[in-house]
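Student:
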Amino acid sequence: MTTPTINSPALPGLLSVIAPCRNEAAFIDAFCDSVLRQRLPAGWDMEVLIADGLSDDGTRERLQARCAADARLVLVDNPGRIVSTGLNACIARARGAMIARLDIHTVFAPDYLARCIEALERSGADNVGGPWVAQGTGPMGAAIAAAFQCRWVVGGARSRDRGYEGEVDTVYLGCWRREAVARFGLVEEAPGRDQDG
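Numbered according to numbering that gives the first Met the number 0, the sequence shown terminates at residue 196, and the numbering increases by one at each position without gaps.
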């Protein structure tokens with residue numbers, strides 16, 4: 000497989016949202032609705048690039064219908080089927096001056112992307128994001144979510160502290176300046192690796 004590159008010039012005022020998926024029929028509509036509800040700063044628009052890894056549960060058909068109804072949504076093919084190849088396929092198609100990596104299983108506050116853009120512009124940082132706030136459904140999901148938010152379980156990770164703003168060692172679902180992505184390179188696609196490895 001040919002490794003994609005960042006090959007298009009950045010468009011000022013455009014945010015490229017990227018998200019890989021495979022067999023996410025149960026979650027894809029909630030994700031699309033959450034992203035399309037984002038209130039961006041004046042002068043900003045977005046494209047939402049969703050890399051489908053050859054879904055066979057109806058996700059692809061649902062995405063095709065959603066893309067036909069809203070031009071901001073773009074279906075990107077991910078024949079590699081894994082997260083890293085999906086992210087890279089989206090990055091190669093991204094046209095925005097900023098690139099935000101989102102997750103299909105996450106629902107976002109309506110101002111999440113606006114706050115990321117503002118933080119990038121204000122701070123001069125290469126990558127910004129908000130705290131990871133886990134929420135679960137049902138007793139088991141609620142217990143797992145509570146563990147993810149518990150300092151005794153996950154340590155003192157500032158990236159999970161809702162009240163903290165500043166440098167952290169990791170950013171969940173970050174938003175990058177395009178030039179930072181070009182400088183640091185694409186996601187490692189080696190078999191058995193993911194974007195965290």
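Each residue gets a CB set at the ideal place from its N, CA and C atoms; glycine is no exception.
Alpha carbon to alpha carbon, how far is residue 40 from residue 136?
Tutor: Here residue 40 refers to the residue found at position 41 when the sequence shown is read from its first residue. Here residue 136 refers to the residue found at position 137 when the sequence shown is read from its first residue. Rounded to whole angstroms, residue 40 to residue 136 spans 32 angstroms at the Cα level.
Student: Just to confirm, is the Cβ distance from residue 56 to residue 88 under 7 angstroms?
Tutor: The residue you call residue 56 lines up with position 57 of the sequence shown. The residue you call residue 88 lines up with position 89 of the sequence shown. Against a cut-off of 7 angstroms, the Cβ pair of residue 88 and residue 56 comes out as no contact.
Student: Give the secondary structure of residue 51 by DSSP, where H, G and I count as helix, E and B as strand, and everything else as coil.
Tutor: Counting from 1 along the sequence shown, the entry for residue 51 is found at position 52. The answer is strand: DSSP assigns residue 51 an E or B state.
Student: Which runs of the alpha helix (DSSP H) fall wholly inside the segment 29-74 and span at least 4 residues, in chain order?
Tutor: Segments of the alpha helix (DSSP H) lying fully in the segment 29-74: 58-68.
Student: Out of 19, 149, 81, 139, point me to the one whose CA is closest to residue 188's CA.
Tutor: The residue given as residue 188 occupies position 189 in the sequence shown. Checked all of 19, 149, 81, 139; the closest Cα to residue 188 is 81.
Student: Measuring only the C-alpha atoms, how far is residue 21 from residue 100?
Tutor: Locating residue 21 in the sequence shown gives position 22, counting from the first residue. Locating residue 100 in the sequence shown gives position 101, counting from the first residue. Approximately 16 angstroms, taken between the alpha carbons.
Student: For residue 184, report the span of its alpha helix (DSSP H) as first-last.
Tutor: Position 185 of the sequence shown holds residue 184. No alpha helix (DSSP H) contains residue 184, which DSSP labels as neither H nor E.
Student: Does DSSP put residue 176 in a helix, in a strand, or in coil?
Tutor: Mapped onto the sequence shown, residue 176 falls at position 177. Reduced to three states, the DSSP call for residue 176 is strand.
Student: Which same chain residues end up closer than 6 angstroms to residue 30 when comparing Cβ atoms and leaving out the 5 residues on each side of it in sequence?
Tutor: Position 31 of the sequence shown, counted from the start, is the residue given in the question as residue 30. Counting only Cβ-Cβ distances below 6 angstroms, and skipping sequence neighbours, we find 103.
Student: Please work out which residues of its chain come closer than 6 angstroms, Cβ to Cβ, to residue 9, disregarding the five sequence neighbours upstream and downstream, and give them in chain order.
Tutor: Residue numbering aside, residue 9 sits at position 10 when the sequence shown is read from its first letter. Counting only Cβ-Cβ distances below 6 angstroms, and skipping sequence neighbours, we find 96, 177.
Student: For residue 69 and residue 183, I'd like the C-alpha separation in whole angstroms.
Tutor: Locating residue 69 in the sequence shown gives position 70, counting from the first residue. Locating residue 183 in the sequence shown gives position 184, counting from the first residue. Between residue 69 and residue 183, the C-alpha separation is close to 32 angstroms.
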